[in-house]
Each structure stands twice: as structure tokens, then as C-alpha cells.
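Residues in the sequence shown are numbered consecutively from 575, following this note's numbering.
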Amino acid sequence: MAIEIDTIDRKILIELDKNARISYSELGKRIRVAKETVKYRITQLEKKGIISGYYTVINLSKLGFVLYRLYLRLQNTSPKIEQMITDYLLRSKNVAVFYRASGPFHIALGVWTRNAWECEDFWLDFKSKFGEYISNYHLSLMTEYTEFSRTYLLPTQEKMAFNTITKATSEKLDKLDLNLISFLSNNARASLVEIAKKLGSSIITSRYHLKNLINKKVILGFRPIFNLAALGYEYYKVDLWFKKFDHAKDVVQHILSHPNVIYTEHTLITSDLEFDVEIENFEKFIAMMDSFKAKFPDDIKDYKYYERIRNYKTNYVPSL
575 MAIEIDTIDR KILIELDKNA RISYSELGKR IRVAKETVKY RITQLEKKGI
625 ISGYYTVINL SKLGFVLYRL YLRLQNTSPK IEQMITDYLL RSKNVAVFYR
675 ASGPFHIALG VWTRNAWECE DFWLDFKSKF GEYISNYHLS LMTEYTEFSR
725 TYLLPTQEKM AFNTITKATS EKLDKLDLNL ISFLSNNARA SLVEIAKKLG
775 SSIITSRYHL KNLINKKVIL GFRPIFNLAA LGYEYYKVDL WFKKFDHAKD
825 VVQHILSHPN VIYTEHTLIT SDLEFDVEIE NFEKFIAMMD SFKAKFPDDI
875 KDYKYYERIR NYKTNYVPSL
């Protein structure tokens, strides 16, 4: 059941979504609310479960990783077998994202590895254990991945983009850099004092390394983790195909500018456009898709979608 939030809460969520490391005082100035009120409101949003944590947005390409999408359709399983599959995927260091989905595939995975051979090793090991329970699968390499800020909370806001998979070479990083990234991956609002203590370094050194990672665009931003159910939203993923490509850029720009579109991906051997949607309900989702088709009837050929039913795992940084 959705938890009611007012305009002040929405403004706070928007500012945190743009930069989760923003101070209480700076956030208060931006929305014209006292620092103490901001701190209290954020604490309440956390207690109510609307904010479940804070993560750091990382350019995986600059860490030397590639990301694959893997869809699985199950067959002849039992609750015991499905639990064994779940346990395996939860333990795997290669599985970044794991959730149950509706539609043609039951399981959606994001698998990160350093190269294609490592991905093959993961897949062959999984198949050796559970191959008889897989009736169909689809594996594709992700070449681009972009997160967008959630302007649907306040549609007057301008969308921000965070490009987490790009045509970038890996950066040379030292042990302190890697430890800092690992710590901040799920602790994005940690203070410099907390960071320095965790790393066993000085505040000055920690600040320098953090600033350097941001300047190198290894770290792209800091964002809250929202509980969509608490906000009253559902999650859908869409694969879309074009009839022709004459106006493809216009179609893509229009779709990605929609406030409820919060991710987009490019993958090899898949659809022409992939995007993810957070929206209040299925009826509104279909209305949104109908509006896209009505605006570009000669350009959009077809689309498929599935709904995320349960999120089992989301890791924001690989094991470094």
C-alpha cells in the first residue's frame, strides 16, 4: 500500500535523487525549508521505508567490466528447485541484478564479468546445475546503459542522465580507490569521517581520492534507493521495434524524455530500443505506450513488456 507524501517530501526526494550526498543545509536552501525540518523529513522517509538506502552510480566500463542481460524461462520446477536456483544466483559474485518477472521469461538477470570468457564460465556452470529446468533463455551484451533522475515525482524538474556503461577504457585505480568505491556503493551518504575510518586513511586523503574518482567520471553520482511499492509505483521493462528508422532519433528522444522512463539500455541482438518505466499502475502504463504509438504510428512497429514482480538482488558495484 502506498504511503502518502506531501510536496515537501517530494522536493526532498527529487534533490536526493539528483545528489544523495547533498547536505541538510544545502538541501534546505534549495527547497526553502529549515535544515532541521529537512533532517527530520529524511529520517521519517527512511523509517517509513520509502528510502531504503543510498548507492553510488559507477561507470562500470571504467572499472573494466561488461554487463550482460540474461533472461530465463523455467520448466518442470518445484518450490525446492526454484529455491536452489535462487540461492545460487544470490551467492554468485557475477550476478548484479536478479528479479522475478511476468511475461515470457520468469527470471531477469544482469551479469557482470571482465570479459566474454568469464561470462561463458558463469553460464556453463549454471547450466551444468540447472540446465534441465531452463526451457528458453536469451543472453545479450549491453553496450550502453543510462539512468535518469525520477522527474515523475515533480514533473517540472529537468531530467538528469547518468551513463554507467559507455565506450570508455578502464582507469588505473589503486587499492584505496577500489576500497572507497566498494564502501560507497551502498553507503553513498557516508560522511568523510566515516569514509576515512572505514578506509584507515585521513580525511584529507579520502577527500582527495573521492574528488579524483568524480573528476575521472568513475563515480557519476549518488542516489537514493526508493521502495517503489511504498511510493505506489510499479516497474515495467519495454523492448520496442521500429518499422523504419527515418525518425528513430525523434522517437527515442520523445520516449526518453517522458518522466516515467527511468532507464534505457542498448544491447546487441535484441530490440531497437529498451527502456524501463516506473509508473502508478498497469492502466497508466498502457496509456503511456498508446500515446507513443499514437504520436509515431508510422515508426513504431511493435513492443513487448514485462513487469518486475519481485526484486531479489541489486548490487551496484562488482567485487573488486
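All residues carry an ideal CB built from backbone N, CA and C; glycine is no exception. As the structure is a prediction and not an experimental result, all values here were calculated from the model.
Can you tell which of the options has the C-alpha that lies nearest to the C-alpha of residue i?
{"i": "residue 644", "options": "821, 668, 819 and 740", "result": "668"}
{"i": "residue 761", "options": "636, 704, 737 and 630", "result": "630"}
{"i": "residue 819", "options": "741, 803 and 845", "result": "845"}
{"i": "residue 875", "options": "883, 648, 825 and 887", "result": "825"}
{"i": "residue 638", "options": "666, 597, 744 and 586", "result": "744"}
{"i": "residue 747", "options": "720, 829 and 790", "result": "790"}
{"i": "residue 660", "options": "881, 703 and 615", "result": "703"}
{"i": "residue 792", "options": "663, 869 and 783", "result": "783"}
{"i": "residue 628", "options": "741, 796, 610 and 777", "result": "796"}
{"i": "residue 708", "options": "653, 692, 719 and 679", "result": "679"}
{"i": "residue 655", "options": "735, 608, 711 and 705", "result": "705"}
{"i": "residue 616", "options": "862, 799 and 779", "result": "799"}
{"i": "residue 739", "options": "622, 769, 891 and 583", "result": "891"}
{"i": "residue 867", "options": "829, 757 and 837", "result": "829"}
{"i": "residue 873", "options": "861, 888 and 822", "result": "822"}
{"i": "residue 621", "options": "741, 801 and 701", "result": "801"}
{"i": "residue 888", "options": "657, 590, 605 and 672", "result": "672"}
Return the first residue and the last residue of the alpha helix (DSSP H) that residue i is part of.
{"i": "residue 866", "result": "856-869"}
{"i": "residue 602", "result": "598-605"}
{"i": "residue 702", "result": "690-704"}
{"i": "residue 805", "result": "802-805"}
{"i": "residue 764", "result": "Looking at the DSSP string, residue 764 is not in any alpha helix (DSSP H), and its letter there is neither H nor E."}
{"i": "residue 612", "result": "609-621"}
Quick check on residue i: buried or exposed, where buried means 16 or more other Cβ atoms within 10 Å of its Cβ?
{"i": "residue 856", "result": "exposed"}
{"i": "residue 581", "result": "exposed"}
{"i": "residue 852", "result": "buried"}
{"i": "residue 699", "result": "exposed"}
{"i": "residue 585", "result": "buried"}
{"i": "residue 833", "result": "buried"}
{"i": "residue 810", "result": "buried"}
{"i": "residue 812", "result": "buried"}
{"i": "residue 716", "result": "buried"}
{"i": "residue 635", "result": "buried"}
{"i": "residue 690", "result": "exposed"}
{"i": "residue 594", "result": "buried"}
{"i": "residue 841", "result": "buried"}
{"i": "residue 694", "result": "exposed"}
{"i": "residue 729", "result": "exposed"}
{"i": "residue 612", "result": "buried"}
{"i": "residue 588", "result": "buried"}
Which partner residues does residue i have in the DSSP bridge list?
{"i": "residue 669", "result": "685"}
{"i": "residue 793", "result": "632"}
{"i": "residue 885", "result": "673"}
{"i": "residue 571", "result": "What the structure shows of the chain is the stretch from 575 to 894, and residue 571 is not part of that stretch, so it cannot be assessed."}
{"i": "residue 735", "result": "722"}
{"i": "residue 781", "result": "Note: residue 781 sits in no beta bridge, so no partner."}
{"i": "residue 580", "result": "Partner(s): none; residue 580 has no beta bridge."}
{"i": "residue 750", "result": "Per DSSP, none; premise fails for residue 750."}
{"i": "residue 798", "result": "628"}
{"i": "residue 878", "result": "813"}
{"i": "residue 712", "result": "645"}
At which residues does the beta strand (DSSP E) containing residue i begin and terminate?
{"i": "residue 822", "result": "Note, residue 822: premise wrong, no beta strand (DSSP E); alpha helix (DSSP H) at 822-830."}
{"i": "residue 850", "result": "847-853"}
{"i": "residue 840", "result": "835-841"}
{"i": "residue 816", "result": "808-816"}
{"i": "residue 644", "result": "640-648"}
Of all the CB atoms in chain D, is at least one closer than 8 Å to the CB of residue i?
{"i": "residue 699", "result": "Reference to chain D is not applicable here, since this structure consists of a single protein chain."}
My guess is that residue i and residue j are in contact by the Cβ rule of under 8 Å, so how many angstroms apart are they, rounded?
{"i": "residue 686", "j": "residue 752", "result": "About 15 Å; that fails the 8 Å criterion."}
{"i": "residue 806", "j": "residue 576", "result": "3 Å"}
{"i": "residue 664", "j": "residue 683", "result": "Actually they are not in contact, since the Cβ atoms of residue 664 and residue 683 sit about 11 Å apart, beyond 8 Å."}
{"i": "residue 625", "j": "residue 794", "result": "About 20 Å separates the two Cβ atoms, so there is no contact after all."}
{"i": "residue 592", "j": "residue 734", "result": "6 Å"}
{"i": "residue 863", "j": "residue 886", "result": "Incorrect: roughly 27 Å between the Cβ atoms, too far for contact."}
{"i": "residue 880", "j": "residue 675", "result": "5 Å"}
{"i": "residue 777", "j": "residue 787", "result": "The Cβ separation is near 16 Å, so there is no contact."}
{"i": "residue 781", "j": "residue 710", "result": "Between residue 710 and residue 781 the Cβ distance is about 50 Å, and since that is not below 8 Å, they are no contact."}
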